[in-house]
Amino acid sequence: MAADQGDPNHQDPNRRDFIHIAAGAAAVGAGAMAVWPLVNSMNPAADTLALSTIEFDLTKVQEGQQVVIKWQGKPVFVRYRTPAEIERARADDRAGLKDPQADADRVKPGHQQYLVVIGSCTHLGCVPTFGAGDFGGWFCPCHGSHYDTSGRIRKGPAPINLVVPTYEYVSDTRVKIG
Amino acid sequence: MSDHESTYVPKTGVEKWLDSRLPIVRFGADYMALPTPKNLNYWWTFGGILALCLVVQIATGVILAMHYVPNTELAFASVERIMRDVNGGDLIRYTHANGASMFFVAVYLHMLRGLYYGSYKAPREMIWIVGCVIFFLMIATAFLGYVLPWGQMSFWGAEVITNLIGAIPVVGEPILIWLRGGPAIDNATLNRFFSLHYLLPFVIAGCVVLHLWALHHAGQNNPVGILIPKDRMAKDTVPFHPYFTVKDGFAIILFLILFALFVFFMPNALGHADNYIPANPLQTPAHIVPEWYMLPFYAILRAIPDKFGGVVAMFGAIGVLFILPWLDTSKVRSMRYRPAMRTFFVIFVLVGLGLGWCGAQLPDAPVIPGMPSFTLFDGALNSYLWLTRLLTAYYFLFFLVLMPIVGLRETPRPIPATISEPVLPGPDVAPHSPEQKG
Numbered sequence: 000m001a002a003d004q005g006d007p008n009h010q011d012p013n014r015r016d017f018i019h020i021a022a023g024a025a026a027v028g029a030g031a032m033a034v035w036p037l038v039n040s041m042n043p044a045a046d047t048l049a050l051s052t053i054e055f056d057l058t059k060v061q062e063g064q065q066v067v068i069k070w071q072g073k074p075v076f077v078r079y080r081t082p083a084e085i086e087r088a089r090a091d092d093r094a095g096l097k098d099p100q101a102d103a104d105r106v107k108p109g110h111q112q113y114l115v116v117i118g119s120c121t122h123l124g125c126v127p128t129f130g131a132g133d134f135g136g137w138f139c140p141c142h143g144s145h146y147d148t149s150g151r152i153r154k155g156p157a158p159i160n161l162v163v164p165t166y167e168y169v170s171d172t173r174v175k176i177g
Numbered sequence: 000m001s002d003h004e005s006t007y008v009p010k011t012g013v014e015k016w017l018d019s020r021l022p023i024v025r026f027g028a029d030y031m032a033l034p035t036p037k038n039l040n041y042w043w044t045f046g047g048i049l050a051l052c053l054v055v056q057i058a059t060g061v062i063l064a065m066h067y068v069p070n071t072e073l074a075f076a077s078v079e080r081i082m083r084d085v086n087g088g089d090l091i092r093y094t095h096a097n098g099a100s101m102f103f104v105a106v107y108l109h110m111l112r113g114l115y116y117g118s119y120k121a122p123r124e125m126i127w128i129v130g131c132v133i134f135f136l137m138i139a140t141a142f143l144g145y146v147l148p149w150g151q152m153s154f155w156g157a158e159v160i161t162n163l164i165g166a167i168p169v170v171g172e173p174i175l176i177w178l179r180g181g182p183a184i185d186n187a188t189l190n191r192f193f194s195l196h197y198l199l200p201f202v203i204a205g206c207v208v209l210h211l212w213a214l215h216h217a218g219q220n221n222p223v224g225i226l227i228p229k230d231r232m233a234k235d236t237v238p239f240h241p242y243f244t245v246k247d248g249f250a251i252i253l254f255l256i257l258f259a260l261f262v263f264f265m266p267n268a269l270g271h272a273d274n275y276i277p278a279n280p281l282q283t284p285a286h287i288v289p290e291w292y293m294l295p296f297y298a299i300l301r302a303i304p305d306k307f308g309g310v311v312a313m314f315g316a317i318g319v320l321f322i323l324p325w326l327d328t329s330k331v332r333s334m335r336y337r338p339a340m341r342t343f344f345v346i347f348v349l350v351g352l353g354l355g356w357c358g359a360q361l362p363d364a365p366v367i368p369g370m371p372s373f374t375l376f377d378g379a380l381n382s383y384l385w386l387t388r389l390l391t392a393y394y395f396l397f398f399l400v401l402m403p404i405v406g407l408r409e410t411p412r413p414i415p416a417t418i419s420e421p422v423l424p425g426p427d428v429a430p431h432s433p434e435q436k437g
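Protein chains in written order, with numbering that gives the first Met the number 0: chain A, 0 to 177; chain B, 0 to 437.
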């Protein structure tokens, strides 16, 4: 830089550097602002988000039966549990769970017979089948995760329990999921 | 070889006019005249075969896209329409589907060629790295394409693979929703997968240009693995055309016979029957497996008991290839002269095949049925789970431990001074070289 001092076209290097950095930063910033709408357009669209709640009539489920409903493109299990299943789930509350959670925290008070869980294995999203597995609940055929009668992970690669979606009882026999 | 001088002489007035404005004919002529090591064997023909594969996939793919409808309601039916009603549609689709498999057969052999003959070593690191990028893009493209018919395997393959991204702590879930365009795999997902499946082959084509640029700048490796000295150029190289256009052409014909065998006589042999069942988001097939060319990586994913750990291991299995040029400490390129490493290489190939086999099995199934076993940590010792873990361990050991250590400790066999020596033994070469492989 010192050699530039005698140059008639000499400009202060600090000033030139500043212009370079400022122009570069402006270009990067403008580029990012131009790209953001493109990236953001890939997020869920308004009509997709509009499908976010669903109501379900619980009288359609018999005791010991499970109904699979589609919510946000995912299966939701609504299971009318038998007293034996509830008993088994409660007995296992302190059974060294991988993702500890009491059975009572996974159902609504007074409606402990109805278990509502998202029917996607928390490992990689396959749909577990009821009645298989070692714990009386669900078994995922893809990579061998076992869930108990409360939908809690007991064995296999899945990291957490079957997810209980946000839902509420709008009447004694109707639930609103979402 | 980069300093190879142009021998092209424009003859007609039009050629002279064009040559001083856009020397594209000169570029092609120089390419054809490129000095190429005269000892390249048939393992070197896979580059040309792969170029053909890419052309076949793009050509058939562009046509298929004219008939295919990327909509969850219509995709499956539109593929069936291609198979039944579109003129020659079944042939085009079978060529495209089996073409993907053929592409991977060729790319795996091409990569093993590079591994065996040390084609990744200086000064060719960038050829190898760009090649790894191409391989990764190929896997992504193949996965995206497999989703498009919207069969059961398409849907659940997409479900499982996108969920891998959800395994990333903290940011995984928002990225997953962004990638799918909704809370679950749905129409938005199919649409963008179609868009990207159309885009990525052209990105691959761009990378192929870089791959060839780097190749012709650094010069081709050869089975002996030595750099050809300047004064030996005239003796040890031949022009690419006609010598290697003919050799590549012959290999391409053999390859196309294999390709045709699949397309015409067993077009579904490499596919899965469940993908002829329309996608059902509420029911997972009993046994889901990826396409055969992803099985080794799928096996590595399942070998790790932790969800995120499995994802890291699977991507690590591909990622480790990128740093291979710096893991190999040997000064000798070709494993012809590295007997110890050659043994480990053969084991590596068998391990890769073994991982592929394991990836297709149920993890809990016994490897040897009926053999008594015991439970080690989280699975029976006599199960594919533990076999997969053993093979996964070797896969990583090969790159991370054997490559650096063997290179420092082995005693390589004497390397010939020129590539002509092993073929035409002179007076100063051992007359009975045990190395006879071509």
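We put the CB at the ideal spot given by N, CA and C, even for glycine.
Let me know the secondary structure DSSP gives residue i once reduced to three states.
i, result
"B:Thr11", "coil"
"B:Phe307", "helix"
"A:Glu54", "strand"
"B:Thr35", "strand"
"A:Lys175", "strand"
"B:Arg20", "coil"
"B:Phe373", "coil"
"B:Arg80", "helix"
"B:Gly465", "The requested residue 465 of chain B does not occur in the structure, where chain B is confined to residues 0 to 437."
"B:Ala416", "coil"
"A:Thr128", "strand"
"B:Gly437", "Residue confidence for B:Gly437 is low, a pLDDT of 40 falling below 50, so the modelled location carries little weight; the figure read from the coordinates is stated next. Coil at B:Gly437, not helix or strand."
"B:Ile184", "coil"
"B:Ser1", "Below a pLDDT of 50, predicted positions are generally treated as unreliable, and B:Ser1, at 47, falls in that range; no measurement from the model is reported."
"B:Ala379", "strand"
"B:Lys120", "coil"
"B:Ile126", "helix"
"B:Gly150", "strand"
Could you please give me the residues that DSSP links to residue i through a beta bridge?
i, result
"B:Phe395", "In DSSP, B:Phe395 forms no bridge with anything."
"B:Gln282", "The partner list for B:Gln282 (beta bridge, DSSP) is empty, contrary to what the question assumes."
"A:Gly135", "A:Asp147"
"A:Gln65", "A:Arg78"
"A:Tyr168", "A:Val174"
"A:Trp70", "A:Lys73"
"B:Thr44", "In DSSP, B:Thr44 forms no bridge with anything."
Cα-Cα, which of the options is closest to residue i?
i, options, result
"A:Asp46", "A:Val27, A:Phe55, A:Gly72", "A:Gly72"
"B:Glu79", "B:Pro22, B:Gly150, B:Met265", "B:Gly150"
"B:Gly351", "B:Asn381, B:Leu294, B:His95", "B:Leu294"
"A:Leu161", "A:His19, A:Val126, A:Asn39, A:Ala21", "A:Val126"
"B:Asn279", "B:Leu33, B:Pro148, B:Tyr115", "B:Pro148"
"A:Arg180", "A:Glu167, A:Val60, A:Gly132", "No information on residue 180 of chain A is available, as it lies outside the stretch 0 to 177 that chain A covers here."
"B:His336", "B:Leu300, B:Trp325, B:Gly406", "A small fix is needed here, since residue 336 of chain B is Tyr in this sequence, not His. Answer by Cα proximity: B:Gly406."
"A:Tyr113", "A:Ile18, A:Phe129, A:Thr81, A:Lys154", "A:Thr81"
"B:Asn274", "B:Ala312, B:Ala76, B:Thr35, B:Phe254", "B:Ala76"
"B:Pro453", "B:Gly156, B:Ile167, B:Phe26, B:Leu226", "Because chain B here runs from 0 to 437, residue 453 of chain B falls outside it and cannot be looked at."
"B:Trp177", "A:Asn13, A:Ile20, A:Trp35", "A:Trp35"
"A:Thr165", "A:Thr172, A:Asn13, A:Trp70, A:Phe134", "A:Trp70"
"B:Pro69", "B:Leu375, B:Leu349, B:Tyr197", "B:Tyr197"
"B:Leu386", "B:Gly117, B:Pro222, B:Val345, B:Ala302", "B:Ala302"
"A:Asp91", "A:Gly130, A:Val67, A:Gly136", "A:Gly136"
"A:Glu54", "A:Arg93, A:Arg15, A:Ile68, A:Leu96", "A:Ile68"
If we cut at 9 Å on Cβ distances, does residue i have a partner in chain D?
i, result
"A:Asn160", "Among the protein chains in the structure shown, which are A and B, there is no chain D."
- Query: Three or more C-beta pairs closer than 8 Å, one from the region 395-402 of chain B and one from the region 211-220 of chain B: is that the case here?
  - Reply: no
- Message: Which complete alpha helix (DSSP H) runs does the region 220-277 of chain B hold, if anything under 4 residues is left out?
- Response: 232-235, 239-259
- Item | the region 283-297 of chain B / the region 260-273 of chain B touching (three or more Cβ pairs under 8 Å) | yes
- For the region 48-67 of chain B and the region 88-95 of chain B, state whether three or more C-beta atom pairs, one from each stretch, are separated by less than 8 Å. With a cut-off of 8 Å, the region 88-95 of chain B and the region 48-67 of chain B count as touching, because enough Cβ pairs lie within range.
- Item | Three or more C-beta pairs below 8 Å linking the region 163-183 of chain B and the region 30-45 of chain B | no
- Should the region 180-195 of chain B be called in touch with the region 101-113 of chain B, which here means at least 3 C-beta pairs below 8 Å? no
- Query: Contact between the region 108-128 of chain A and the region 139-154 of chain A: three or more CB pairs below 8 Å?
  - Reply: Judged by Cβ distances under 8 Å, the region 108-128 of chain A makes contact with the region 139-154 of chain A, as three or more pairs qualify.
- Query: Does the region 408-424 of chain B come close enough to the region 218-232 of chain B that 3 or more CB-CB pairs lie under 8 Å?
  - Reply: yes
- Query: If we count Cβ pairs, one from each stretch, closer than 8 Å, do we get three or more for the region 96-103 of chain A versus the region 252-267 of chain B?
  - Reply: no
- Item | the region 125-132 of chain B / the region 193-210 of chain B touching (three or more Cβ pairs under 8 Å) | Verdict: yes, contact present.
- What residue ranges within the region 283-348 of chain B form continuous alpha helix (DSSP H) runs of no fewer than 4 residues, ordered along the chain? 294-302, 306-321, 323-326
- Using 8 Å as the Cβ pair cut-off and three pairs as the minimum, do the region 60-67 of chain A and the region 3-19 of chain B touch? no
- Go through the region 81-128 of chain A residue by residue and report every complete run of the alpha helix (DSSP H) that reaches 4 residues or more, in order. Complete alpha helix (DSSP H) runs here, min 4: 82-90.
- Item | Inter-stretch contact at 8 Å, needing at least 3 Cβ pairs: the region 167-184 of chain B / the region 28-42 of chain B | no
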